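Colleague: Heads up, the sequence shown is in our numbering, so the first residue is 46 and it goes up one at a time.
By construction, the Cβ of each residue, glycine as well, lies at the ideal position given by its N, Cα and C atoms.
Just so we're clear, the structure is a prediction, and the values are computed from it rather than from any experiment.
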Amino acid sequence: MDKWCKILLELILYSVCEKGESRNVAEKLIALFNSVGKVISADLYELKSVVGMNDASVASIQCVREIIKRILKGKLEELSIMDNREKLIEYLKATIGQFRKEGLRVIYLDPGNRLVHEYVQDTGTVNKTPFYIREIVKRGLLVEAMSAIVAHNHPSGDQEPSEEDEKNTRKLELACDNVGIKLMDHVIITEKSHFSFYDNGLM
């Protein structure tokens with residue numbers, strides 16, 4: 046692990062932990078989550094489970110996560126996503142790549158392939174996330190999207206799609222097509238890699 050990441054985590058906690066406890070708490074967080082990235086991505090209840098984490102320290106980490114997300118999302122909103130896919134992957138890795146449970150996001154695009162809306166679905170389990178196809182299509186219609194990209198993470202680190210991933214992709218593709226929304230891609234994200242149905246000629 047980059048020692049500077051650990052030092053930065055200590056600095057984030059320095060003013061909000063009890064005096065002299067920031068290093069100890071940072072070490073506990075890293076021991077539990079294995080990396081600073083996963084600490085930043087941890088949810089409220091996971092963070093609160095660590096001895097020494099008070100409301101202020103939890104809020105500080107959540108603020109860092111939100112700042113990172115907004116910076117990366119701001120870059121996406123200025124670009125044609127299909128022409129700048131590396132920015133999309135960067136954003137997805139930062140937002141769901143470190144999750145310890147599966148989570149799903151849908152990026153809705155306008156005619157110029159720019160982001161117009163993002164749907165964040167509730168987190169699933171360590172190896173499964175539900176695909177609410179009806180809700181995904183409904184939201185696409187509400188924001189008048191021309192196309193969409195769906196993405197979910199694999200906490201296992203294996204980016205290859207499962208049989209269920211492939212089935213859900215085809216079902217969603219058909220449902221979107223029936224209402225005039227083109228499903229452009231399904232991206233599977235891990236901490237260090239990704240799989241794109243589009244890039245692999247599957248869409």
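Excluding the 5 residues flanking M127 on each side, which residues of the same chain have their C-beta closer than 6 Å to its C-beta?
Modeller: Only residues of its own chain outside the window of five on either side were considered, and among them N158 have a CB closer than 6 Å to the CB of M127, listed in chain order.
Colleague: Per DSSP, what are the beta-bridge partners of S192 in this structure?
Modeller: Looking at the DSSP assignment, S192 forms a beta bridge with L154, K227.
Colleague: From what residue to what residue does the alpha helix (DSSP H) around S102 run?
Modeller: 100 to 122
Colleague: Of all the alpha helix (DSSP H) runs that stay within the bounds of the segment 173 to 220, which reach a length of 4 or more residues?
Modeller: 178 to 187
Colleague: Quick one: what does DSSP say F240 is sitting in, helix, strand or coil?
Modeller: strand
Colleague: Closer than 6 Å by C-beta to T235: which residues in its own chain qualify, once you throw out the five before and the five after it? Chain order, please.
Modeller: H199, G202, Q204
Colleague: Skipping 5 residues on each side, what residues in its chain have a beta carbon closer than 6 Å to that of S102?
Modeller: L58, V61, C62
Colleague: With respect to the beta strand (DSSP E) encompassing V70, which residues constitute its N-terminal and C-terminal limits?
Modeller: Looking at the DSSP string, V70 is not in any beta strand (DSSP E); the run it does join, the alpha helix (DSSP H), is 67 to 78.
Colleague: Is I106 near I75, with beta carbons less than 8 Å apart?
Modeller: no
Colleague: Between the C-alpha atoms of I113 and Q143, what's the straight-line distance to the nearest angstrom?
Modeller: 13 Å
Colleague: Would you mind giving the Cβ-Cβ distance between P206 and F240, rounded to the nearest angstrom? I have them listed as a contact below 8 Å.
Modeller: 6 Å
Colleague: For K237, verify whether its CB is less than 7 Å away from any heavy atom of the ligand NAP.
Modeller: No copy of the ligand NAP appears in this structure; indeed no ligand is present at all.
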